[in-house]
Each structure stands twice: as C-alpha cells, then as structure tokens.
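**Q**
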Amino acid sequence: MTAKIDTMSPIRAREPEAQNNVTPAPPPGETPFANSTIKLQAEHLNFYYGDFQALHGISLKVKEKQITALIGPSGCGKSTFLRTINRISETIRHTRVEGHIRLDGADILKMDVTSLRRRVGMVFQRPNPFPKSIFENVAYGVRVNGLDKKTPLAETVEKSLKRAALWEEVKDKLHDSALALSGGQQQRLCIARALAVDPEVLLLDEPCSALDPIATAKIEDLLFALKSQCTIVIVTHNMQQAARTADDTGFFLLGKLIEFDRTEVMFRKPSEKQTEDYITGRFG
Amino acid sequence: MRHFAEELEELNQALLEMGGLVESSIHTSVQALVEHDDRMARRVVEDEMLINRMELNIDARVTRLLALNQPVAGDLRLLVMCLKINTDLERMGDLAVNVAERAISLNRLAAPLGPPLQEMPRMASMVEDMLHRTLDAFVRRDAEQASAILPADDDVDRIRDGVYTELITTMRRDPNLVEAAIHLMFVARSLERIADHATNIAEDVIYLVRGVDVRHHHLEEV
C-alpha cells in the first residue's frame, strides 16, 4: 500500500531513461564481483572426445570459498568441464584439451596430476565407497598421499567424518563395511573421503541425484558448512538445488557457456533467452 | 509444463477481467457523480463484491501456482507482480465505491454545487486513462509504455491541489456549500489515490518486463 499522503509538492523523482537502464550483464564467465578472490579460472577452454568437440571456448571464474553451480541439459558439457578441472577427463582415450585452467593462477595442465587431485577433490553422482570399512574409506586418500606425521590417522578420519556431518551416525561402527550404509550416508562418506586430504576445491558431479529429499537436504546443509573452508563447484540437474545452494550459476548448452551470473540474478532475470527457456522449462 | 503455461495465461486473463471491471467501476462512479445518478452509484457498490471475489480467486490461483511449480525468472516475476497488481486493483475498486458513496450523499444535499465539478471530470478522465494505458502496458508487456505513464501521477496530484484550492475558496465564499465541498474533497482524494495505484501497477509492469525495480527512487537521492 503506497498511496501517498496528500501533499502540495509530491516527491517522486523520475528519470525514465536512468531507470530503464538495466545493469548490463557481464559476458558469460566474467564474475560480477571484482573484489572476490578467484580460485579457479578457465580460459578459452576447448575439449575434444576424438573428433567431437564437447566444450567450446569456456571462460569462467570460480570464486574462492563460494559455491558455483553448473546447470544445463544432458550432454551440454557441464560434467566434462568439471572433470577437466581435476583432469579426470584425460584418463579417457583420444581426448584433447586446449586453453587453460588456472588454480590460484597456475596452469593445472602443467601440474603433477596427483598433487592437483589432492588439492581438487571430487565426488560423483553415484556414491562409490570402496568395499572396505568406513574408517578405511576415509583413511584411503591420506594413506595414498602419504601420512601427515603430526596428525594421527584416526584423528584425521574423525575430523573428516565430522566435516561431512556423518560422524554421529557412524562413530560406533567405523570398522563395519561402508557398503552397509544408506545411499545418503555413502555419499557423505565419499565427501568425507574427499575432505580427508584437505582439498582447496571440491567438485561435485550430481551428488544428490541418487538421494531422497532428506539426504539431499543434509548434503546441501553440508555444502553451506564447507563453504567457509573450501571452494565448491557443483554440477546439478536440479535447478532448485542450484538456486538454493549456489552463489554463482553457469548455464551450459551444447558445449558452450551461455550465461554466468550471480544465482539470484540467473533465477530472477537472466539476460539470455536460452537461459530463461531452460530454467522455466520451455526448452526445445 | 504446457499445463503450467496455460494456467499462467488463464491467470493473466483473470487479472485483465478484473482490471476491466475496475476500470468500468471508476468510470461509472464518476458518471454517477456528474449526472447525479444514484442508480449508477449503486451499481458500483454492487460490483465491488464481484471485484473482491475476483481478488480472492486470483490470490488463490497465484498461491497454488507458486506452491506447485516453483517458478523462476519471467514466470516468477509474473506471479509476484500478479499478486501485487491484484491488491492495487482491489483497492481501486474500493476507492471507486468511495466516489460512488459520495455521489449518493451529494444527491441528498439541498445546497447546489459550486464550480469545482468542472475540474473533477477532467481529473477523472486522466485517472481512467492512466489505468487504461497501464493495463494495456501489462497486456503488451511494454515497459516503455508503463514508464510513460509514471509522470501522469504528478499531473493528477497537481489537479487535485487545484481542486482543493477551489473548494476551499467555495467554502469561504458560501458556508452553505461546506458539506458538498467536503464530499468533493474526498472524491478528489479518492481519484488521486486511484492514480497512485495505477502508478504502482505501471511500476510493476516495468519490473515484470525488465526485472528492474523503479519504485521509491527518491529514496536513493536522500
């Protein structure tokens, strides 16, 4: 209710030209906040599976200690992009990468893969615990990467399970098989396993698509909690999940980054019609 | 998804139907005043119940669509703006009733009316025109047309101030006209407030189309 009080000199300053200027959206991939530290930066990234080009000139900045969501239809390249960040995609034969991905400014394509993957952890769509005990699952990465002599392994395992919000549920059965856990617990176990080596970046590829809403909510709460400690990039088909959790969102289509902006802008007033059509379900 | 789009279109139509009825109520209330016609005034009062029913119906539709579809982007802006436009239209209907009731009261008075009625129809037609163009901008999703309506609110305010001055002069000159003049003051106030609501709707249309909030811009200048 904004009916004005009667006044002889109404104050309603209007300059239609000034008001009508919509703040121009930055080009896709350009981060709207210049102040934030950039943790990861893709520059003109192309990716090929044999002759098929899956990514076309992706340039994108991921801010430190923020959640960045990548959305888009199946086959749009968002997972390929995620897998390129920790160089899992190069394990597939006949693939080729062009362009750069920088982690804290250093080109990941020139890094030692093992140390890169220690810094950039990954969680997959289907929970994939090893057929070992809960304890061994979390301890695995630490053992592979060499033990930190100062911290006892048990302490690292406990800390990781706590960070993944799983500790209370498993503390009395650490030596039971991980495969006996529920799907949601297994996924949190995989997150704990990834966290055990203290990664700077956590990549999640559809981490909740096999989970029920309760387990999904737990993972999302977990992402919020982890945000203060690491940078998170999540690929999701669930647009509501992107809207709920992410600070920035990128929309991929046919291997191209169509639009990248603050999530709130993407879901309120996207600049690109293709984005609007996709997120409102009018695609195709 | 197609179903959702159809429901949005139905909502759109329901809102326009309500807008049409509100437009006609405003017009009829002013006619009732100018032509001293009680029958017309009573029709406005009766139609208000219809408007209220439409308001409830639109609110219920929007709430259901929000709950079931989790709309985003343009769909979200449309639903949120429908809720707001709905409220503004309903208030306009109330204000048309206020005008109609004043018309009935004026017809009960023995004293003749002074000259300010000449300005009143002009003010009324400006207000009607504002609402008409606003609803048209909503139909066309035309933010430019909506922006062009905003300055008219100041024009209506100016005429209202002129009407007040005239009525005060009338009251000073002839105390027998005080009662009639007071009724007319309330009419001018109602019309001016209808213009405020039309302005709100125009601002909502700009938000709907561009996602830019142009309300309360003077706050930024403080």
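Quick mapping for you: the protein sequence lines, in order, are chains A and B. Every letter in the first sequence is one number past the one before it in this note's numbering, and letter 272, counting from 1, is 272. To convert a position in the second sequence, counted from 1, into this note's numbering, add 284. Note that the Cβ used here is the ideal one computed from N, Cα and C, for glycine as well.
#1: Is it true that the CB of Glu64 of chain A sits closer than 8 angstroms to the CB of Ile38 of chain A?
#2: What are the start and end residues of each continuous beta strand (DSSP E) run of 3 or more residues lying completely inside the stretch 317-405 of chain B, in chain order?
#3: Closer than 8 angstroms, CB to CB, is Ala180 of chain A near chain B or not?
#4: Report the residues of the stretch 471-482 of chain B with a CB closer than 8 angstroms to any CB of chain A, ordered along the chain.
#5: For the candidate residues A:Asp107, A:Ala210, A:Ser228, whose alpha-carbon lies nearest to that of Val123 of chain A?
#6: In chain order, what residues of the same chain lie with their CB nearer than 7 angstroms to the CB of Asp331 of chain B, ignoring the 5 residues before and after it?
#7: Rounded to a whole number of angstroms, what is the C-alpha to C-alpha distance between Met239 of chain A and Thr245 of chain A?
#8: Ordered along the chain, which non-local residues of its own chain (more than five positions away) have a Cβ less than 8 angstroms from that of Asp343 of chain B?
#9: Arg244 of chain A bridges to which residues according to DSSP?
#10: What residue range is occupied by the uninterrupted beta strand (DSSP E) comprising Asn46 of chain A?
#11: Check the C-beta distance from Leu202 of chain A over to Pro129 of chain A and give it rounded, since I have them as a contact under 8 angstroms.
#12: Three-state secondary structure (DSSP) at Lys261 of chain A?
#13: Report the partner residues of Glu301 of chain B according to the DSSP bridge assignment.
#14: Report the three-state DSSP secondary structure of Gly141 of chain A (helix, strand or coil).
#15: Let me know the secondary structure DSSP gives Gln274 of chain A once reduced to three states.
#16: Per DSSP, Gln53 of chain A forms a beta bridge with which residues?
#17: Reducing DSSP to helix, strand and coil, say where Phe130 of chain A ends up.
#18: What residues in the stretch 331-358 of chain B bring their beta carbon closer than 8 angstroms to a beta carbon of chain A?
#19: Between the stretch 401-420 of chain B and the stretch 473-491 of chain B, are three or more C-beta pairs nearer than 8 angstroms?
#20: So the candidates are A:Ala69, A:Arg118, A:Asn46, A:Lys78; which of them puts its Cα closest to the Cα of Glu98 of chain A?
#21: Should Asn336 of chain B go down as buried or exposed, given a rule of 16 or more other Cβ atoms within 10 Å for buried?
#22: With a Cβ-Cβ cutoff of 8 angstroms, do Ile85 of chain A and Val235 of chain A count as a contact?
#23: Under 8 angstroms between the Cβ atoms of Tyr140 of chain A and Arg193 of chain A?
#24: May I have a chain-ordered list of the beta strand (DSSP E) segments no shorter than 3 residues that lie completely inside the stretch 86-123 of chain A?
**A** In short, the structure shows the following:
#1: Yes, they are a contact pair.
#2: Restricting attention to beta strand (DSSP E) runs no shorter than 3 residues, the stretch 317-405 of chain B encloses none.
#3: Output row for Ala180 of chain A: interface = no.
#4: Here the close residues are Arg473, Glu476, Arg477, Asp480, His481.
#5: That would be A:Ala210, whose Cα lies nearest to the Cα of Val123 of chain A.
#6: Apart from the 5 residues on each side of it in sequence, Asp331 of chain B sits with its Cβ closer than 7 angstroms to the Cβ of Leu305, Ser309 in its chain, given in chain order.
#7: In this structure, the alpha-carbon of Met239 of chain A lies about 10 angstroms from that of Thr245 of chain A.
#8: Hits under 8 angstroms: Leu367, Asn370.
#9: The beta-bridge partner set that DSSP reports for Arg244 of chain A is empty.
#10: Its beta strand (DSSP E) spans residues 38-49.
#11: That pair is no contact at about 17 angstroms.
#12: With the sequence shown as reference, residue 261 of chain A is identified as Asp, and Lys is not the correct amino acid for it. Three-state result, Asp261 of chain A: strand.
#13: Beta-bridge analysis with DSSP links Glu301 of chain B to no other residue.
#14: Judged by DSSP in its simplified three-state form, Gly141 of chain A adopts helix.
#15: Here Gln274 of chain A sits in helix by DSSP.
#16: Partner(s): A:Tyr48.
#17: Three-state DSSP puts Phe130 of chain A in coil, outside helix and strand.
#18: Closer than 8 angstroms at the C-beta level to chain A, one finds these residues of the stretch 331-358 of chain B: Gln354, Pro355, Val356, Ala357, Gly358.
#19: Because the criterion of three Cβ pairs below 8 angstroms is met, the stretch 401-420 of chain B and the stretch 473-491 of chain B touch.
#20: With distances taken between CA atoms, Glu98 of chain A lies nearest to A:Asn46 out of A:Ala69, A:Arg118, A:Asn46, A:Lys78.
#21: Burial call: exposed.
#22: Contact: no.
#23: Yes, these two residues count as a Cβ contact at 8 angstroms.
#24: Assignment of beta strand (DSSP E) within the stretch 86-123 of chain A, counting only whole runs of 3 or more residues, yields 95-103, 120-123 in chain order.
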